[in-house]
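Down below is the structure, laid out as structure tokens.
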Amino acid sequence: MKAIKLLPVLLLAVVTGACSSVRVAADYDKHANFNSYKTFAFFKPGIDKAEISDLDKKRILRAIEAQLTAKGMTKSDNPDMLISIFTTEKERVDVYNNYGWGWGWNPYWWGMSYPNVSTTTEGSLFIDFIDAEKNELVWQGKGTGYLTQRMDKKEERINEFVQNILEKYPPGTEIASNK
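Going letter by letter, the sequence shown gives residues -25 to -1, 1 to 154 in mature numbering (1 follows the signal peptide of the UniProt record, and there is no 0).
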């Protein structure tokens, strides 16, 4: 009987956990020497093109700076690497058919389905690392996940996106940490 009472709680935990995850992918130039990149700066022309609020841009840039500083890199006026971002966003509409069985309070629900529609906003954050000397893209990370509309959770969600993306930088480190 206790297992039946725990089932809704477990389902809620699984659904909530699935919605909060960030799917990450990264691509890079296999000929780039990532050990030579010690300093960075933000590429303002690229960042200005990102179609998000200036407040969210600041949140993203602060999160990137914190993650790169933790990796031993330094922000500089004469950087080895330039960092740019861009974002995409789409509405996702899910339609579920729920079936009513039995007579209950309405006999017309016998075997009938009624739709349950939910919409969520899914966003992608791209972080580009550009070799400052060659002006060439050397690494790109992408994180995709659901966005929150709750202002009190926004910074936390942005930090989660950035942290998960930058776990893939520099290339090869995620392989070593998974062993």
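Built from N, CA and C at the ideal position, the CB exists for glycine as well.
Same chain, Cβ closer than 6 Å to residue i, neighbours up to 5 away in sequence not counted
{"i": "R67", "result": "T95, E97"}
{"i": "G(-9)", "result": "Any reading at G(-9) must be qualified, since the residue scores a pLDDT of 44, below 50, and its modelled position is unreliable; the value itself is stated next. Here the set comprises nothing."}
{"i": "Y3", "result": "W114, P146"}
{"i": "L141", "result": "Q42"}
{"i": "S93", "result": "D69"}
{"i": "P54", "result": "T14, F15, A16, A107"}
{"i": "K65", "result": "E97"}
Pairwise C-alpha distance: residue j and residue i
{"i": "F101", "j": "N72", "result": "35 Å"}
{"i": "E135", "j": "N110", "result": "29 Å"}
{"i": "V70", "j": "A(-1)", "result": "28 Å"}
{"i": "K143", "j": "G116", "result": "7 Å"}
{"i": "A7", "j": "K19", "result": "23 Å"}
{"i": "R(-3)", "j": "G118", "result": "6 Å"}
{"i": "K46", "j": "Q124", "result": "30 Å"}
{"i": "K32", "j": "P90", "result": "38 Å"}
Bounding residues of the alpha helix (DSSP H) (the contiguous stretch that carries residue i)
{"i": "F136", "result": "126 to 141"}
{"i": "G21", "result": "19 to 23"}
{"i": "G31", "result": "It is worth fixing the name first, because residue 31 is Asp in this sequence and not Gly. Unbroken alpha helix (DSSP H) run through D31: 29 to 45."}
Range of the contiguous beta strand (DSSP E) that encloses residue i
{"i": "D2", "result": "-3 to 3"}
{"i": "L112", "result": "111 to 121"}
8 Å Cβ cutoff met for residue i and residue j
{"i": "M56", "j": "F15", "result": "yes"}
{"i": "I105", "j": "T62", "result": "no"}
{"i": "K38", "j": "I133", "result": "Note that residue 38 is Ala in the sequence shown, not Lys. A contact, by the Cβ cut-off of 8 Å."}
{"i": "S11", "j": "G120", "result": "no"}
{"i": "R34", "j": "E108", "result": "no"}
Beta-carbon separation (whole angstroms), residue i vs residue j, contact threshold 8 Å
{"i": "residue 195", "j": "I22", "result": "Only positions -25 to 154 of the chain appear in the structure, and residue 195 is not among them; the question remains open."}
Close Cβ partners of residue i (< 8 Å) along its chain, the five nearest in sequence each way excluded
{"i": "L36", "result": "F17, I22, I60"}
{"i": "S99", "result": "T62, T63, E64, K117, G118, T119"}
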